[in-house]
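The block underneath contains the structure these notes are about, expressed in C-alpha cells.
Numbering (full-length UniProt numbering), first residue to last: 1 to 75.
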C-alpha cells in the first residue's frame with residue numbers, strides 16, 4: 001500500500017496533467033473527485049504554483065475555475 005506522501009504526490013501529478021491539458025478545475029470539483037478536503041486541494045495548487053513560477057507559468061483563477069496560463073512552448 002502506498003504511503004500518504006505517495007498518494008499526495010500522485011494526486012498533485014494528476015491535477016497538474018489536467019491543468020496543462022487546459023482543463024478548468026474548481027477546488028470543489030477536485031475535492032469531490034479525490035475525496036479530500038478543499039484545504040488539501042488548496043495546498044496542492046499552492047505547491048504546483050511554486051514549482052512553475054520560475055518557468056513563467058501562472059496559475060489563474062476565475063469563475064470557471066483554476067487554469068494554467070503560459071505560452072504553448074512553456075507548457
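Just so you know, even glycine gets a beta-carbon here, dropped at the ideal spot from N, CA and C.
Counted within 10 angstroms of its Cβ, other Cβ atoms place residue i as buried (16 or more) or exposed
| i | result |
| --- | --- |
| residue 68 | buried |
| residue 44 | buried |
| residue 66 | buried |
| residue 7 | exposed |
| residue 19 | buried |
| residue 51 | exposed |
Check whether residue i and residue j have beta carbons under 7 Å apart
| i | j | result |
| --- | --- | --- |
| residue 59 | residue 16 | no |
| residue 11 | residue 35 | no |
Simplified DSSP assignment, three categories, for residue i
| i | result |
| --- | --- |
| residue 57 | coil |
| residue 65 | strand |
| residue 4 | helix |
Checklist entry - Taking only runs of the alpha helix (DSSP H) that begin and end inside the UniProt domain "Helix-turn-helix type 11" (11-53), which ones reach a length of at least 4 residues, in chain order? => result As far as the UniProt domain "Helix-turn-helix type 11" (11-53) is concerned, its whole alpha helix (DSSP H) runs of at least 4 residues are 27-34 and 38-53.
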